[in-house]
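Protein chains in written order, with the UniProt record's numbering: chain A, 1 to 331; chain B, 1 to 342.
A virtual CB, placed ideally from N, CA and C, is assigned to each residue, including glycine.
None of the values given here were measured: they were computed from a predicted structure.
Each remark here refers to the structure printed beneath this line.
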């Protein structure tokens, strides 16, 4: 096959740049922010938006990996446990070994990568569905995390990671570093998924793993890499989590975060059945969820209303995905 | 064929559980009636969650009491997250083990009440500590401080910094936590009567999530630019509100107090983002809990004033609400924070 013909094919099968959900999400977020700006004057100020973006970052960042995992037809419910392991390890290193910023980040990312590798190997080569494997490893990771905590909290965490935090050290020209890094990595992932053969293999696997294998995709290796990538991102996100927490880390860290991440991915328009999805949507989904939570608090509404809204978003998003799938079939 | 098979399995399992339930109850009855004379009393305490400094300090106090009393075996196990269902499982396992006294700090008092009834039916003495289950069959509630004492302590400490007036907000944790809600009620009433120029603008619930408490405190400061005070109602939101004030660069403009453990609050007390942590001597609370467990296991009644140990020489007991009271609330500031190692 000549290079020209290959390029032609590549152009033809290029997945659409967006799933359709992003436009809707941008619209919803714009309307929501406008409504909040009108009803609570302080909402659209730097002092309100900056912390909101910082709080969005960990979920959105892990969401990049989770989106790819879900595109392949898998899922990773162990990220909450993995956050616990990475953050307690890193917090202990910061307190006891007084490591610097770079070492702390490397340690956390390496630990996360290792946990992701465990998931990836079991899922790619064990041939058991990802939800079972990661449900198992979620509990293993939680056990490991609690063992490292050792019946106590980690106290007196120094401000080494303030670079990723909510405070003035966490911003350059008003842009929070944690959010900036998340946006850059999301953009890189978007380009990779759309414009490289390797990235598009994930969609092929999620669409039909058997067909992908016959077409020459190294399915197992690809699937493995999706979970390792998620693990690496969990490691980096754990540094964000430490930075935006307090100087004490307790064992509630990471609890329920797997659901927050999956919610962002689903609201972002990624099909939970695999084969279709977008990391841009996930970023917007995470931003929408955090905007709703902040909005509910700023409006003085009852805290549990944000759960209600997130629930509605998930159901609407899944419904929209099903309708899109049906429309495609009928075409 | 399939559904019928499933139904059969379900039926058999249910029958087996029902049968085994009956046998177990009978077993306990005989054990309880034969268990008299000199013996070691098993006193089990189920905290809201295990592994946090607060309950670990209670555990340390309980162990100390067991060693001092000599005839008590102190058992301690809690869920790894403040989850009512997980806690119920642990309570059930202690009922199965036929401990002498079962003491619980319930995550959800309403769902714990029937379990305590079940324990009582099995011949186990039941009590609550730290958090009460008021509508249950518990024989005694070991109270760290009255809701009045804590609510007023928090309000006074905060309003002292706020100059007796202004707007403040409360970041609470679990929405169904009996003790937190009782304190908040006192804070609302006490603020209204004693500080008429001060108002509570909002009460929000962050669960046990520190990052969420911090973000909510940030949102509250944004929603109310004239806010001058924040209360962190539990051990995860107390450092959370202080961190939010610190990150927003509002130390000295927005004051915070909270129910925090000393070592977690220390950095914030030192940089003044937190003015005071209101607490009690948690180890003594654990000591009193174990002592009370041993008393009811032996069927000894409480006096109006009880001499428990050298540090707890006059613990008041009120018959009307069956409550042992540890003492007045304690204000922890940067001056005395180093006295506490938890």
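Query                                                                                                                                                                               : Result
Along the alpha helix (DSSP H) that carries residue 143 of chain A, what are the first and last residues, could you check?                                                          : 130 to 149
Can you check which of these residues, A:119, A:80, A:223, is closest to residue 257 of chain A by C-alpha distance?                                                                : A:80
Pull out every residue of the region 206 to 225 of chain B whose Cβ sits closer than 7 Å to any Cβ of chain A, in chain order.                                                      : 208, 209, 210, 211, 214, 215, 216, 218, 219, 220, 222, 223, 225
Could you tell me whether the Cβ of residue 237 of chain A comes closer than 9 Å to any Cβ of chain B?                                                                              : no
Within 10 angstroms of its Cβ, does residue 305 of chain B collect 16 or more other Cβ (buried), or is it exposed?                                                                  : exposed
Which residues does DSSP list as the beta-bridge partners of residue 104 of chain B?                                                                                                : B:46, B:128
Is the Cβ-Cβ distance between residue 333 of chain A and residue 280 of chain A less than 9 Å?                                                                                      : Because chain A is modelled from 1 through 331, residue 333 of chain A falls outside the range shown and cannot be assessed.
Thinking just about the alpha-carbon of each residue, which of A:286, A:105, A:173 is nearest to the one in residue 64 of chain A?                                                  : A:286
From residue 79 of chain B to residue 218 of chain A, what distance separates their C-alpha atoms?                                                                                  : 43 Å
Quick check on DSSP: helix, strand or coil for residue 328 of chain A?                                                                                                              : helix
List, in order along the chain, the chain B residues whose C-beta lies closer than 9 Å to that of residue 134 of chain A?                                                           : Within chain B, no residue comes near residue 134 of chain A; the closest Cβ sits about 19 Å away, beyond 9 Å.
Compile a chain-ordered list of the residues in the region 74 to 87 of chain B whose CB is closer than 7 Å to at least one CB of chain A.                                           : 80, 81
Looking at residue 52 of chain A and residue 303 of chain A, is the spacing between their C-beta atoms short of 9 Å?                                                                : no
Would a check of beta-carbon distances place residue 276 of chain A closer than 9 Å to chain B?                                                                                     : no
Please classify residue 58 of chain A: does DSSP put it in a helix, a strand, or coil?                                                                                              : helix
Quick one: is residue 346 of chain A near chain B, going by C-beta distance under 9 Å?                                                                                              : Chain A is shown only over 1 to 331; residue 346 of chain A falls outside these bounds and no answer can be derived.
Since residue 215 of chain A meets chain B, which of its residues come closer than 7 Å, beta carbon to beta carbon?                                                                 : Within chain B, no residue comes near residue 215 of chain A; the closest Cβ sits about 38 Å away, beyond 7 Å.
Please list, in chain order, the residues of the region 305 to 324 of chain A that have any C-beta partner in chain B closer than 8 Å.                                              : none
Would you say residue 247 of chain A reaches chain B, if we count a Cβ-Cβ gap shorter than 9 Å as a contact?                                                                        : yes
Helix or strand or just coil, what does DSSP make of residue 33 of chain A?                                                                                                         : helix
I'd like to know if residue 172 of chain A contacts chain B, where contact means its C-beta is closer than 9 Å to some C-beta of that chain.                                        : no
Who are the neighbours of residue 117 of chain A on chain B, taking C-beta pairs under 9 Å?                                                                                         : Chain B residues near residue 117 of chain A: none, gap ~25 Å exceeds 9 Å.
Kindly indicate if chain B contains any beta-carbon less than 9 Å away from that of residue 163 of chain A.                                                                         : no
Which class does residue 24 of chain B belong to by DSSP, given the choice of helix, strand or coil?                                                                                : With a pLDDT of 41 at residue 24 of chain B, under the threshold of 50, the modelled position of this residue cannot be trusted; read the value that follows with caution. Residue 24 of chain B falls in the helix class under three-state DSSP.
Determine which residues of the region 39 to 69 of chain B have a Cβ less than 9 Å from any Cβ of chain A, and write them out in chain order.                                       : 49, 50, 51, 52, 53, 56, 59
Could you check the C-alpha separation between residue 225 of chain A and residue 131 of chain B for me, to the nearest Å?                                                          : 48 Å
Name the residue from A:99, A:328, A:329, A:61 whose alpha carbon lies nearest to the alpha carbon of residue 160 of chain A.                                                       : A:99
Determine the burial state of residue 134 of chain B: buried for a count of at least 16 other Cβ atoms within 10 Å of its Cβ, exposed for fewer.                                    : exposed
What does the Cβ neighbour count give for residue 94 of chain B, buried or exposed, with the cut at 16 atoms within 10 Å?                                                           : buried
Within the 9 Å Cβ cut-off, does residue 264 of chain B reach chain A?                                                                                                               : yes
Three-state secondary structure (DSSP) at residue 176 of chain A?                                                                                                                   : strand
Since residue 82 of chain B contacts residue 49 of chain B with CB under 8 Å, what's their CB separation in whole angstroms?                                                        : 5 Å
May I ask you to report which of helix, strand or coil DSSP gives residue 254 of chain A?                                                                                           : coil
For residue 298 of chain A, I'd like the list of residues in its chain whose CB is within less than 8 Å of its CB, leaving aside the five on either flank, ordered along the chain. : 36, 40, 42, 43, 48
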